Amino acid sequence: MNRTKLNYWIDVGLALSFFICFITGLIKWPGAIKIIGVSAYKALHVPNISMLHDWSGLIMGLLVLIHLVLHWEWIVCVTKSIFKGEGKIGGK
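To convert a position in the sequence shown, counted from 1, into the working numbering, add 11.
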């Protein structure tokens, strides 16, 4: 797999895990009971949603680490150019 496809699939995984974590986090939020009602809240099987939230958060964290490792050279290069006094990226 070439680097472009790898970056693409990592970004897709990051987006999916973020949205799952975000939505399940909203459902788990203590104020959600008041908004969606107790009966709907019980029907959502919060323990399962909590587990999905935890796993999607762990997957997202792992994918962020992989993303940072793959882009580390770029991060170092841009950081050096900013702190060397150039202050502008790409000569703009």
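Even for Gly, the Cβ is constructed at its ideal location relative to N, Cα and C. Since this is a predicted model, take the numbers as computed values, not measurements.
- A buried status is given to Leu74, since no fewer than 16 other beta-carbon atoms sit within 10 Å of its beta-carbon.
- An exposed status is given to Met12, since fewer than 16 other beta-carbon atoms sit within 10 Å of its beta-carbon.
- The criterion of a C-beta distance shorter than 8 angstroms is satisfied by Ile77 and Ile21.
- Under a 10 Å Cβ-count criterion, His56 is classified as exposed, with fewer than 16 other Cβ atoms of the shown protein chains found around its own Cβ.
- In this structure, the alpha-carbon of Val87 lies about 38 angstroms from that of Ile38.
- In the three-state reduction of the DSSP assignment, Lys53 falls in the helix class.
- Straight-line measurement puts the Cα of Ala54 at about 43 angstroms from the Cα of His82.
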